[in-house]
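Shown next, in structure tokens, is the structure this report addresses.
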């Protein structure tokens with residue numbers, strides 16, 4: 175499957191630093207709260223909550239924090255009145271960008287997003303302006319090191335996944351969103367260690383930019399990811415390994 179940006183790998187590599195700043199835990203907590211609020215606090219009957227809890231565990235979030243977030247979602251504990259929203263627009267060089275947010279202040283987050291888009295030379299668009307360029311998929315990331323890709327491919331197919339792609343040091347496994355948890359469990363039962371699993375938006379096709387424009391996009395993505403209210407950021411830029419290495423080394 176074409177169209178998945180390496181930004182998911184960047185986010186994975188930056189995860190430890192995010193956790194130290196508390197940003198990752200904040201984002202995971204909000205996802206658990208909304209998952210519990212929308213589908214109930216029992217993970218057995220709430221697939222979104224099960225995935226949110228697993229992501230929190232993968233990030234080594236304390237169990238007490240997870241339970242507290244579930245109770246907030248259920249309304250057992252008092253918490254801020256927050257809302258979920260998705261915004262979209264164009265970044266540097268016409269790149270398409272989608273941003274999922276959870277916030278307690280709609281005016282503030284819209285102003286912050288508009289400022290970030292404008293500073294990067296882009297603009298915040300209307301609903302639907304770029305969403306048609308993306309599709310929703312489940313993605314599982316495992317380390318490529320020590321893996322027999324042909325054997326892994328057979329395991330992935332048997333597990334019910336749709337596609338597999340080697341991207342640098344990672345292997346990206348794609349599935350239907352509703353099959354993500356089933357595929358993950360099947361792979362884990364086969365002894366495969368999962369680095370990350372999530373439902374994400376993937377560009378149907380990517381655009382190629384020169385190094386300067388690619389850096390502009392990556393800096394903008396960094397800015398967006400650093401916002402506490404931002405949960406996820408998606409884009410349609412194909413970044414080369416060479417450009418990625420230069421960016422990460424800065």
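In the working numbering, the protein residues as written are 175 to 424.
Each residue gets a CB set at the ideal place from its N, CA and C atoms; glycine is no exception.
None of these values were measured; they are calculated from a predicted model.
| Query | Result |
| --- | --- |
| Can you have a look at residue 195 and say buried or exposed, based on whether 16 or more other CB atoms are within 10 angstroms of its CB? | A caution first: residue 195 carries a pLDDT of 49, below 50, which makes its placement in the model unreliable, though a value can still be read off. Classification of residue 195: exposed, given that the 10 Å Cβ count is below 16. |
| Following the continuous alpha helix (DSSP H) through residue 420, name the residue where it begins and the one where it ends. | 415-423 |
| Just how far apart, CA to CA, sit residue 363 and residue 349? | 17 Å |
| For a test of the three-state rule: what should DSSP assign to residue 393, helix, strand or coil? | helix |
| What does the alpha-carbon distance come out to for the pair residue 263 and residue 244? | 32 Å |
| Going by the CB atoms, is the gap between residue 284 and residue 256 shorter than 8 Å? | no |
| If you run the structure through DSSP and keep just helix, strand and coil, what is residue 379? | coil |
| Would you report the Cα separation of residue 411 and residue 314, rounded to the nearest angstrom? | 20 Å |
| What is the rounded straight-line gap between the Cα of residue 227 and the Cα of residue 421? | 31 Å |
| Assuming residue 294 and residue 266 form a contact by the criterion Cβ under 8 Å, report the distance between their Cβ atoms to the nearest whole angstrom. | 5 Å |
| Classify residue 249 as buried or exposed, calling it buried when 16 or more other Cβ atoms lie within 10 Å of its own Cβ. | exposed |
| What residues in its chain sit with their C-beta under 6 Å from that of residue 288, if we drop five residues either side in the sequence? | 298 |
| Confirm, please, whether the CB-CB distance from residue 300 to residue 317 is below 8 Å. | no |
| Flag this pair as yes or no: are the beta carbons of residue 381 and residue 303 separated by less than 8 Å? | no |
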